[in-house]
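Protein sequence lines, in the order shown, are assigned to chains E and R.
According to my numbering, the stretch in the first sequence is residues 1 to 391, in order.
According to my numbering, the stretch in the second sequence is residues 1001 to 1391, in order.
Protein chains: 2
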Amino acid sequence: MSIDSVDFFYLSMPKVEDIGDGSQDALVVRVTADGVEGWGECEASPLVSIAAFVTPMSHGACKPVRDVVLGKRIDSPADIAAMAAAVEMECMDLLQAAHTFSGIEMALWDVLGRKRNAPVYELLGYKKAYPKLPYASQLFGDTPAETLAGCRKARDAGYRAVKCGWGPFGRGSLKDDRDHLHAAREGIGKDGTLLIDAGQIFREDVEAAAQRIAHLEDVNTVWFEEPFLGGAYAAYGALAAKSGKVKLAGGEASHNFHMAQQLIDYGKVGFIQIDCGRIGGIGPAKRAADYAAQHGVTYVNHTFTSHLALCASLQPYAGLESHRICEYPFAPKSVAWDMSETHLTPDANGEVNVPAAPGLGVTMSAEGMRKYMVPVEISVKGKTLYKSPAI
Amino acid sequence: MSIDSVDFFYLSMPKVEDIGDGSQDALVVRVTADGVEGWGECEASPLVSIAAFVTPMSHGACKPVRDVVLGKRIDSPADIAAMAAAVEMECMDLLQAAHTFSGIEMALWDVLGRKRNAPVYELLGYKKAYPKLPYASQLFGDTPAETLAGCRKARDAGYRAVKCGWGPFGRGSLKDDRDHLHAAREGIGKDGTLLIDAGQIFREDVEAAAQRIAHLEDVNTVWFEEPFLGGAYAAYGALAAKSGKVKLAGGEASHNFHMAQQLIDYGKVGFIQIDCGRIGGIGPAKRAADYAAQHGVTYVNHTFTSHLALCASLQPYAGLESHRICEYPFAPKSVAWDMSETHLTPDANGEVNVPAAPGLGVTMSAEGMRKYMVPVEISVKGKTLYKSPAI
Chain E
1 MSIDSVDFFY LSMPKVEDIG DGSQDALVVR VTADGVEGWG ECEASPLVSI
51 AAFVTPMSHG ACKPVRDVVL GKRIDSPADI AAMAAAVEME CMDLLQAAHT
101 FSGIEMALWD VLGRKRNAPV YELLGYKKAY PKLPYASQLF GDTPAETLAG
151 CRKARDAGYR AVKCGWGPFG RGSLKDDRDH LHAAREGIGK DGTLLIDAGQ
201 IFREDVEAAA QRIAHLEDVN TVWFEEPFLG GAYAAYGALA AKSGKVKLAG
251 GEASHNFHMA QQLIDYGKVG FIQIDCGRIG GIGPAKRAAD YAAQHGVTYV
301 NHTFTSHLAL CASLQPYAGL ESHRICEYPF APKSVAWDMS ETHLTPDANG
351 EVNVPAAPGL GVTMSAEGMR KYMVPVEISV KGKTLYKSPA I
Chain R
1001 MSIDSVDFFY LSMPKVEDIG DGSQDALVVR VTADGVEGWG ECEASPLVSI
1051 AAFVTPMSHG ACKPVRDVVL GKRIDSPADI AAMAAAVEME CMDLLQAAHT
1101 FSGIEMALWD VLGRKRNAPV YELLGYKKAY PKLPYASQLF GDTPAETLAG
1151 CRKARDAGYR AVKCGWGPFG RGSLKDDRDH LHAAREGIGK DGTLLIDAGQ
1201 IFREDVEAAA QRIAHLEDVN TVWFEEPFLG GAYAAYGALA AKSGKVKLAG
1251 GEASHNFHMA QQLIDYGKVG FIQIDCGRIG GIGPAKRAAD YAAQHGVTYV
1301 NHTFTSHLAL CASLQPYAGL ESHRICEYPF APKSVAWDMS ETHLTPDANG
1351 EVNVPAAPGL GVTMSAEGMR KYMVPVEISV KGKTLYKSPA I
């Protein structure tokens, strides 16, 4: 097959709020190759990722992603890997290229899976997909009472694992943080899996983060996520040496395989969290999953958007039975829900199952997408470089 | 002062060729604060960096750079650092933000220097600026004879240091590479400083790169630049253990301080090459220079564009006397030359001197810029988000 078209659909809620909710907009990608249609999704900043697809070439190692993708062959996983390598070289100096290509790469796997009538996880070499335990991701409340209420709500909704993050954590006193942690534990109950996300609040201050460890241990926290800036591996490594039973987690910002590898090697995280919509797609995510498994680190998806992104993000570790936890969009905005007909609702055991269907196993909803379309037009030298397609 | 306006000027040659010449286009930034004007330049992909300035917010940690900059106070270096930290947090998920902010940050230093009537290197804490030895950067020829001719031309033009890179290197046989290396040495003469740039051609293949070491040593190569993908620190470290007298160089793609730090700590490079137009500007570049100096690593600018970018890129290590080499745009395209009235031509000793003038010490040329202006218009939901300003 050869790649005939790549179309971007920028979807958004009518109003985007200044809160840590990544489901407020989306950049959906449709790839067609010899009549087969595949879908993917880029994480974060739709307009900028579209611009990286169509931008004029700056020089030989700074080309628009379009030039590396359109018209190329796609007959096997090796073709996808070759295209990813070409993006790395020919778009070397185009920083946003990794985000743009991520959604395209997912769609290429979807195309290939549909063509071969096989789920993507099979193309990746897995014989079967194991169920995952979803965790409900939410912000800390403004007060411990709110945190308790939020966690209780998640538990009542059937979640056995809950993540609290951002909000006031790390911004007030140690006592405030402790009170929130105890409230979270009370909310999810004695047996719930509790995960804490610091949202990079301590930047590189190992001592400030280390002061929280005893309190995190007190409430039996499984992981302590992103205490520091994503690239501050030395700080992660220093904290990991002091964090006892609480393991560090991170990696969502990885925009290539090596960043994930380094957070494992140098940052000593116990959980590596990969967003397929940023790391360059499913191929490099699978490589990160393999690397994690070989090094005693648990792989987890990072997904705060749609069920298309969720289906894609589960593929790279679908066959790793002991890597159990998955991030699950707990209360997404309607745009993230309506765009697809397929939804991965937890089963009777409260577990999430990757569809045993061709490709990513997702049926998109043109009608659902149409409601949220954001028309974009980009012109350079008076010539239209990009105009949003209709769906 | 408060930041009143940030304007982008996208300049380009009429035709951009598919060659490794980074001087074919430019994104120049003008910042005004209380009537003081400062200038900076973002490296690579002007349209995408403009999009990152104006893009609609995706969520609280994915805001347009504009929202973090416009209207903010700028009275001291600490204000610039605070703004950089805010970009890191509030644009955390906007990959291109680092490139966009880099040019703005340079312009902020320029504003502050002009306001205080001091060169930027003084604001950075340096008492004086030492002259640098420029190297002429060029591509390997298609044949060894062409490589020889190119290097001889640079020597005849007065350059005591030459860098050859890209082209056929690493793509053919070991013998081909050896022939090119000997031709380069012959061209620059016995005493010239020879630098070799592999342009990431070996990706992660340590063995393939290691096979070149003996030949690099034979011709007395000072550094071996970017043998691998920018983020493949483990490969750099493995090669460094085998590279003998030839030191590794890299770091141009660093888009935050930590990437530079890690290439030093884990990649064991002997030269760290920083592009102020990518790493987030002059502040993080200065931090990289300090870190390099403390760890016995030599700092070098990466500059393949204009003399505005050159003046900015010399500031972070202007006061480090023993860090002697600087990259110098040897044969830039006219757009990169015409945009400024100021040019740093080598002095009688063949050395380059940072201007002892307020700010970055560069006078821009409105007339020169006007010839290369690329008008851009971006509209979202029918509303114009960006339209190129006139100059």
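Even glycine gets a Cβ: it sits at the ideal position worked out from N, Cα and C.
Proximal residues of chain E, C-beta to C-beta of residue i below 8 Å
{"i": "residue 1062 (chain R)", "result": "22, 44, 45"}
{"i": "residue 1381 (chain R)", "result": "374, 375"}
{"i": "residue 1106 (chain R)", "result": "Result: empty, since nearest Cβ-Cβ is about 17 Å, beyond 8 Å."}
{"i": "residue 1300 (chain R)", "result": "Neighbours of residue 1300 (chain R) on chain E: none; closest Cβ ~18 Å, over 8 Å."}
{"i": "residue 1058 (chain R)", "result": "16, 22, 24, 25, 44, 45, 46"}
{"i": "residue 1272 (chain R)", "result": "Under the 8 Å cutoff, chain E gives no residues; its nearest Cβ is about 15 Å from residue 1272 (chain R)."}
Close Cβ partners of residue i (< 6 Å) along its chain, the five nearest in sequence each way excluded
{"i": "residue 223 (chain E)", "result": "195, 247, 249, 271"}
{"i": "residue 218 (chain E)", "result": "none"}
{"i": "residue 321 (chain E)", "result": "130"}
{"i": "residue 209 (chain E)", "result": "202, 227, 239"}
{"i": "residue 230 (chain E)", "result": "253"}
{"i": "residue 1232 (chain R)", "result": "1204"}
Amino acids of chain E, ordered along the chain, whose beta-carbon sits closer than 7 Å to that of residue i
{"i": "residue 1088 (chain R)", "result": "229"}
{"i": "residue 1256 (chain R)", "result": "231"}
{"i": "residue 1196 (chain R)", "result": "Near residue 1196 (chain R) there are no residues of chain E at all, since even the closest Cβ is about 17 Å away, more than 7 Å."}
Partner residues on chain E for residue i, Cβ-Cβ distance less than 9 Å
{"i": "residue 1055 (chain R)", "result": "45, 46, 47, 48, 51"}
{"i": "residue 1262 (chain R)", "result": "231, 233, 234, 262, 266"}
{"i": "residue 1315 (chain R)", "result": "Within 9 Å Cβ-Cβ: nothing; residue 1315 (chain R) doesn't reach chain E, min ~22 Å."}
{"i": "residue 1391 (chain R)", "result": "Residues of chain E passing the Cβ test: none, with the nearest at roughly 16 Å."}
Beta-carbon gap between residue i and residue j smaller than 8 Å
{"i": "residue 1137 (chain R)", "j": "residue 1071 (chain R)", "result": "no"}
{"i": "residue 1016 (chain R)", "j": "residue 51 (chain E)", "result": "no"}
{"i": "residue 372 (chain E)", "j": "residue 12 (chain E)", "result": "yes"}
{"i": "residue 133 (chain E)", "j": "residue 316 (chain E)", "result": "no"}
{"i": "residue 340 (chain E)", "j": "residue 313 (chain E)", "result": "no"}
{"i": "residue 33 (chain E)", "j": "residue 4 (chain E)", "result": "yes"}
{"i": "residue 1199 (chain R)", "j": "residue 1166 (chain R)", "result": "yes"}
{"i": "residue 1300 (chain R)", "j": "residue 1273 (chain R)", "result": "yes"}
{"i": "residue 295 (chain E)", "j": "residue 264 (chain E)", "result": "yes"}
Cut-off 7 Å between Cβ atoms - residues of its own chain near residue i, not counting five sequence neighbours on either side
{"i": "residue 1103 (chain R)", "result": "1027, 1029, 1040, 1041, 1042, 1277"}
{"i": "residue 186 (chain E)", "result": "148"}
{"i": "residue 245 (chain E)", "result": "217"}
{"i": "residue 100 (chain E)", "result": "42, 49, 52, 53, 65"}
Cβ-based neighbour list, residue i, same chain, cut-off 8 Å, excluding 5 preceding and 5 following
{"i": "residue 171 (chain E)", "result": "201"}
{"i": "residue 379 (chain E)", "result": "385"}
{"i": "residue 946 (chain R)", "result": "An answer regarding residue 946 (chain R) cannot be provided, because it is not within the stretch 1001 to 1391 covered by chain R."}
{"i": "residue 81 (chain E)", "result": "283"}
{"i": "residue 89 (chain E)", "result": "61"}
{"i": "residue 1066 (chain R)", "result": "1006, 1053, 1054"}
Nearest neighbour of residue i, chosen from the options [CA to CA]
{"i": "residue 1292 (chain R)", "options": "R:1361, R:1307, R:1259, R:1306", "result": "R:1259"}
{"i": "residue 190 (chain E)", "options": "E:220, E:336, E:211", "result": "E:220"}
{"i": "residue 337 (chain E)", "options": "E:216, E:90, E:25, E:100", "result": "E:25"}
{"i": "residue 1087 (chain R)", "options": "R:1304, R:1255, R:1174", "result": "R:1255"}
{"i": "residue 1057 (chain R)", "options": "R:1037, R:1036, R:1033, R:1097", "result": "R:1097"}
{"i": "residue 156 (chain E)", "options": "E:188, E:174, E:177, E:166", "result": "E:188"}
{"i": "residue 1329 (chain R)", "options": "R:1117, R:1077, R:1154, R:1066", "result": "R:1154"}
{"i": "residue 1308 (chain R)", "options": "R:1382, R:1109, R:1381", "result": "R:1109"}
{"i": "residue 1180 (chain R)", "options": "R:1300, R:1116, R:1288, R:1146", "result": "R:1146"}
{"i": "residue 1204 (chain R)", "options": "R:1139, R:1267, R:1361", "result": "R:1267"}
{"i": "residue 1212 (chain R)", "options": "R:1257, R:1286, R:1173", "result": "R:1173"}
{"i": "residue 1399 (chain R)", "options": "R:1037, R:1054, R:1023, R:1031", "result": "Shown here, chain R extends from 1001 to 1391; a query on residue 1399 (chain R) therefore has no answer."}
{"i": "residue 1139 (chain R)", "options": "R:1206, R:1319, R:1020", "result": "R:1020"}
{"i": "residue 36 (chain E)", "options": "E:359, E:332, E:242", "result": "E:359"}
{"i": "residue 311 (chain E)", "options": "E:354, E:304, E:295", "result": "E:354"}
{"i": "residue 1038 (chain R)", "options": "R:1092, R:1233, R:1364", "result": "R:1364"}
{"i": "residue 68 (chain E)", "options": "E:105, E:237, E:76", "result": "E:105"}
{"i": "residue 389 (chain E)", "options": "E:377, E:78, E:335, E:347", "result": "E:377"}
Interface partners of residue i on chain R, CB under 8 Å
{"i": "residue 98 (chain E)", "result": "1095"}
{"i": "residue 92 (chain E)", "result": "1200, 1230, 1253"}
{"i": "residue 19 (chain E)", "result": "1059, 1060"}
Contacts that residue i makes with chain R (C-beta to C-beta distance below 9 Å)
{"i": "residue 29 (chain E)", "result": "Simply none; closest approach about 16 Å."}
{"i": "residue 369 (chain E)", "result": "Going along chain R, no residue has its Cβ under 9 Å from residue 369 (chain E), so there is no contact; the nearest lies around 16 Å."}
{"i": "residue 259 (chain E)", "result": "1231"}
Cross-chain neighbours of residue i in chain R, by beta carbon under 7 Å
{"i": "residue 378 (chain E)", "result": "1378"}
Item checked: Contact residues within the segment 1174-1194 of chain R, judged by C-beta distance below 7 Å to chain E -> none
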